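Here the structure comes first, spelled out in structure tokens, and everything after it is commentary.
In the working numbering, the protein residues as written are 9 to 353.
Dropping the structure here:
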């Protein structure tokens with residue numbers, strides 16, 4: 009199919025602007041997604057993977073619109089002492105209600121845990137402290153990745169940390185464009201966070217995204233790393249992390265978040281069943297033990313262990329600030345194409 013059948017470039021931009029309109033209902037979004045899914049994708053796109061460029065852009069914008077509305081929803085109900093399990097399930101259910109799918113398990117990381125904490129199926133942890141809420145939406149593998157932080161203990165330092173990461177993100181979305189250097193983005197993040205008296209996390213970064221690939225090639229540093237890497241057209245997640253600590257993270261306990269790395273044979277029947285389901289349902293996107301326990305029961309935990317031992321899966325660790333100091337995070341997804349669009353706003 010050609011762009012001409014959708015009214016050429018002008019028709020494409022008009023359609024995208026309609027998708028980005030405020031207050032789209034779940035029913036409307038579902039209808040748009042169903043229409044897009046009927047498109048016969050045949051040609052190549054500069055964003056990677058198979059598919060007509062117009063269709064891919066629409067999927068990206070729709071995923072971002074869903075993420076934006078789910079973010080507003082999450083901010084409206086998250087309060088101190090709500091179980092993290094309840095928060096994760098509500099966010100993921102709302103994504104499904106809008107017609108998207110979770111691109112990865114909802115991360116709910118408190119204080120010094122910078123990333124990769126998702127509640128298990130029997131988690132009893134309550135929301136507290138400086139809570140980072142990081143979630144993703146995908147439509148046909150095209151991803152919107154977004155995050156925000158909440159102060160749940162009425163702390164002035166927490167509020168300042170949150171402001172630092174939010175202003176750092178804002179500084180990058182003002183300047184990002186095709187052919188800018190990644191180090192220029194990192195420099196804007198670093199200078200903004202340091203102006204608040206904090207440090208950026210130097211070994212966490214933003215990232216390029218492609219279809220069914222959350223981390224695809226190019227990284228966007230949170231510091232000026234002096235590297236002359238040029239940003240091209242594509243889809244990027246920008247995510248500054250600010251801390252009052254040392255500014256590095258180390259690998260902590262296993263998170264219960266996994267990603268498929270290969271499909272080599274495994275003996276255990278439950279492991280084989282899980283492997284088949286994971287390959288079909290998640291492909292190379294991250295998933296969690298909680299999701300599999302919900303579908304297969306607690307026997308899924310044994311199957312996951314077998315798959316991990318057989319090296320079918322990568323198990324992500326929690327990421328902990330090295331001096332055990334608090335961390336804030338802000339994140340948006342940016343599409344660089346004919347225009348630069350922050351899809352998650």
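In this text, a Cβ means the ideal position worked out from N, Cα and C, and glycines have one as well.
Fair warning: this is a prediction, and the values are worked out from it, not measured in the lab.
Among the options, nearest to residue i - alpha-carbon criterion
| i | options | result |
| --- | --- | --- |
| residue 130 | 302, 347, 325 | 302 |
| residue 112 | 290, 340, 328, 318 | 290 |
| residue 231 | 274, 246, 225, 97 | 246 |
| residue 249 | 270, 209, 105 | 209 |
| residue 239 | 319, 128, 254, 180 | 180 |
| residue 143 | 339, 344, 285 | 339 |
| residue 158 | 137, 177, 172, 178 | 137 |
| residue 165 | 204, 236, 109 | 204 |
| residue 235 | 195, 186, 251, 304 | 195 |
| residue 89 | 116, 106, 168, 79 | 116 |
| residue 93 | 162, 86, 132 | 132 |
| residue 331 | 97, 184, 119, 63 | 119 |
| residue 321 | 169, 214, 267, 244 | 267 |
| residue 211 | 87, 78, 328, 149 | 328 |
For residue i, the first and last residue of its enclosing alpha helix (DSSP H)
| i | result |
| --- | --- |
| residue 165 | 164-181 |
| residue 346 | Segment: none, residue 346 is in no alpha helix (DSSP H) and carries neither H nor E. |
| residue 69 | 61-85 |
Residue i - partner residues in DSSP beta bridges
| i | result |
| --- | --- |
| residue 141 | 116, 156 |
| residue 340 | 246 |
| residue 109 | 146 |
| residue 215 | 227, 245 |
| residue 196 | In DSSP, residue 196 forms no bridge with anything. |
| residue 134 | 91 |
| residue 123 | 327 |
| residue 207 | 251 |
| residue 103 | Looking at the DSSP assignment, residue 103 forms no beta bridge with any residue, so it has no partner. |
| residue 151 | 146 |
| residue 221 | 218 |
| residue 238 | 189 |
Bounding residues of the beta strand (DSSP E) (the contiguous stretch that carries residue i)
| i | result |
| --- | --- |
| residue 261 | 257-268 |
| residue 188 | Where residue 188 is concerned, there is no enclosing beta strand (DSSP E), given that its DSSP letter is neither H nor E. |
Cβ-heavy atom distance, residue i to the ligand NAP, below 7 Å
| i | result |
| --- | --- |
| residue 214 | Because no ligand of any kind appears in the structure shown, any question about the ligand NAP cannot be addressed here. |
query: For the stretch 284-332, which segments carrying the alpha helix (DSSP H) assignment without a break, of at least 4 residues, lie completely within its bounds, in sequence order?
result: 297-304, 307-317
The stretch 219-235 contacting the stretch 187-203, beta-carbon criterion three pairs below 8 Å: yes
field: Segment contact, 8 Å Cβ cut-off, at least three pairs: the stretch 149-160 with the stretch 326-340
entry: yes
message: If contact is defined by three or more beta carbon pairs under 8 Å, each pair taking one atom from either stretch, is the stretch 343-351 in contact with the stretch 256-266?
response: no
message: Is it the case that the stretch 267-281 contacts the stretch 295-314, given that we only count it when at least three CB pairs across the two stretches are under 8 Å?
response: yes
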